[in-house]
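Numbering (my numbering), first residue to last: 8 to 453.
Reading through the structure tokens given below for one structure.
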Amino acid sequence: MKSVFTKMAVAFGFTMLGSAVNAQQTATDSSERYEKKAFRTWSVGLNGGMLTHYTPFNNKSNGDYRTPQEKWGYGGYIKKQILPGFGIQADFLAGKVEGKRANSLPANSAAQDNSSFETRIDWAGSVSANLTVGNFSLNNKRSVLSPYITAGAGYMSSKAQVFNTPAGATTGYNENWFIPVGAGLKVNLGKAVNLDLGYRVGFMKANDFDGVVGATNDRFSYAHAGIEIALGNKKSSQLQNFSPVAALREANAAESAELRNQLARLEEQRMAKEQAYQQELGDDDRDGVANKFDKCAGTPSGTVVDGAGCPIAMPAPVIVNPVTEKVIVTAEDRRVLDDAIKDLEFDLGKSTLKESSNSALDKVAAVLMQKNFTLKLAGHTDNIGSAAANMKLSKERAESVKAYLVGKGANASRIEATGYGAAQPIESNKTAEGRQKNRRVEFTMF
8 MKSVFTKMAV AFGFTMLGSA VNAQQTATDS SERYEKKAFR TWSVGLNGGM
58 LTHYTPFNNK SNGDYRTPQE KWGYGGYIKK QILPGFGIQA DFLAGKVEGK
108 RANSLPANSA AQDNSSFETR IDWAGSVSAN LTVGNFSLNN KRSVLSPYIT
158 AGAGYMSSKA QVFNTPAGAT TGYNENWFIP VGAGLKVNLG KAVNLDLGYR
208 VGFMKANDFD GVVGATNDRF SYAHAGIEIA LGNKKSSQLQ NFSPVAALRE
258 ANAAESAELR NQLARLEEQR MAKEQAYQQE LGDDDRDGVA NKFDKCAGTP
308 SGTVVDGAGC PIAMPAPVIV NPVTEKVIVT AEDRRVLDDA IKDLEFDLGK
358 STLKESSNSA LDKVAAVLMQ KNFTLKLAGH TDNIGSAAAN MKLSKERAES
408 VKAYLVGKGA NASRIEATGY GAAQPIESNK TAEGRQKNRR VEFTMF
């Protein structure tokens, strides 16, 4: 039973130690990220309080003696803080533990009432892990209230004396192992001083701590109050009172402010670039040409302009009175049409006119405007490709010629563009020469 208890207690202590390291990892990362200054990590403490054999873990009879007697005890410690919430401390304890009314005597008898024990703890030393449960400070980096729990292992020298206790009791000096487990609250009184309020239970690795050999191992408790003083640079704060949450909030607030400043600067840069864009690439006169390339700024709305933003001089249309004037297609007019047909060229497989066609078409446009002729354009192709594709291409080429003539001032209502595809060949499509002649746009003027 004792062996099982010892193993469980030791396992509990190491579990708490591992949990402390793991639980503080995030806080440590945060503090390392935002805090680069030195802390006070060493401290010493002195305390005094009450020792008793009663603990919350005793049974109803309080172990070997029924009635506990509180006696003064005193102690001290030195501690190394490793993380904001985790430290290692070495404790010293001395004092007396007393109790009355041995449970081995008849209940409520005079013999029981007169029985008692006194155990003097000459010295007890232990090493414990100290885990800060939480720093109660969300707005200040220096916490005021810091609850903690401790667990470890220790060794002590004690001397037990019994009075009016039945035979079988042991007296004299003993040295035994014990496991201290406790909890407490530290109140920060200044940059280097803490008030330490705590309660600790010592689980003995012996059953004769009180002089009576009982069925279970003995226990004792120590309720204490004391002062802890941090060692080190007077300008530095205590690591155990450092609140990573508050530091994280402060750092996040600083980062947020910097991000807002960066966004404001970026917005200013964006507005400056937008103004520069409007000055260079905007279109103040809305003629479709950017300011940077507009050679004739401020053209009236609706004015037709060229690529440089300057108005295009449109030739004055020739108005022909169809009632009083009869216009005849002359041989010269037909020669103009023949030249246009002969010089007409398109990009391969497309309806885009080549520049070599422009000169002849300009003359056709001039004749149309001067004499108000009606012009029929008939597009034809060879039989290479599908019928639908040929029909589309022939129509688009005829429309391309019409668009050019209209752009030069010809009356669009007097120009008809039709596509016939490969339906009206003038030569055989079996030869390259024949197919070349079949790819054409015919002009009929009347």
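Quick reminder that beta carbons are idealized off the backbone N, C-alpha and C, glycines included.
The C-alpha of L100 is placed about 12 Å away from the C-alpha of M57.
Distance from the CA atom of M211 to the CA atom of F46, rounded to whole angstroms, is 36 Å. Taking the Cα of G414 as reference, the smallest distance to any Cα among D369, E449, A338 and R442 is reached at D369. Of the other Cβ atoms in all chains shown, 16 or more fall within 10 Å of the Cβ of G386; this residue is therefore buried. For the 8 Å CB-CB criterion, G441 and S435 form a contact. Distance from the CA atom of V220 to the CA atom of F249, rounded to whole angstroms, is 47 Å.
Annotation for V104: no alpha helix (DSSP H) segment contains it, though the beta strand (DSSP E) segment containing it runs F93 to A109. In the three-state scheme derived from DSSP, where H, G and I count as helix and E and B as strand, M278 is classed as helix. Between the C-alpha atoms of V140 and A158 there is a straight-line separation of about 13 Å. Scanning Q76, D290, L382 and N183 for the CA closest to the CA of A109 turns up Q76. Counting only runs that start and end inside the stretch 282-308, there is no alpha helix (DSSP H) element of at least 4 residues. Below 8 Å, enough C-beta pairs join the stretch 190-206 and the stretch 221-239 to call them touching: three or more. In this structure, A97 lies near V134, with their beta-carbon atoms less than 8 Å apart. Annotation for A373: the continuous alpha helix (DSSP H) segment containing it runs N365 to K378. Judged by DSSP in its simplified three-state form, E449 adopts strand. Taking all protein chains in view, the Cβ of K86 is crowded by 16 or more other Cβ atoms within 10 Å, so the residue is classified as buried. The alpha helix (DSSP H) runs of length 4 or more contained entirely in the stretch 121-208 do not exist; there are none. With fewer than 16 other beta carbons inside 10 angstroms of its own, N240 counts as exposed. Residue pairing by DSSP places G56 opposite G80 and H231 in a beta bridge. DSSP, reduced to helix, strand and coil, places G426 within a strand of the structure shown. For V325, the closest of Q247, N183 and A417 by C-alpha to C-alpha distance is A417. The three-state reading of DSSP puts G70 in coil, since its state is none of H, G, I, E or B. In this structure, G70 keeps its C-beta atom at 8 Å or more from the C-beta atom of D215.
Residue nearest to K166 within the set A131, R446 and A283 is A131 (criterion: CA-CA distance). About 5 Å separates the Cβ atoms of V104 and F227, confirming a contact at the 8 Å cut-off. If you draw a 10 Å sphere on the C-beta of R267, you find fewer than 16 other C-beta atoms in it, and that means exposed. The three-state reading of DSSP puts V343 in helix, counting H, G and I together. A distance below 8 Å separates the beta carbons of N201 and E235.
Taking C-beta atoms as the reference points, T451 and K378 fail to come closer than 8 Å.
Taking C-alpha positions only, Y72 is separated from A222 by approximately 13 Å. S407 and L273 have their C-alpha atoms some 49 Å from each other. Under a 10 Å Cβ-count criterion, P91 is classified as buried, with 16 or more other Cβ atoms of the shown protein chains found around its own Cβ. Contact annotation, I348 with R447: C-beta distance approximately 7 Å; criterion of less than 8 Å satisfied. Residues T381 of the same chain have their beta carbon placed closer than 6 Å to that of R421, with the five preceding and five following residues left out of the count. Residue environment analysis places T388 among the buried positions, since at least 16 neighbouring C-beta atoms fall within 10 angstroms of its C-beta. For K383, the enclosing beta strand (DSSP E) covers residues L382 to H387.
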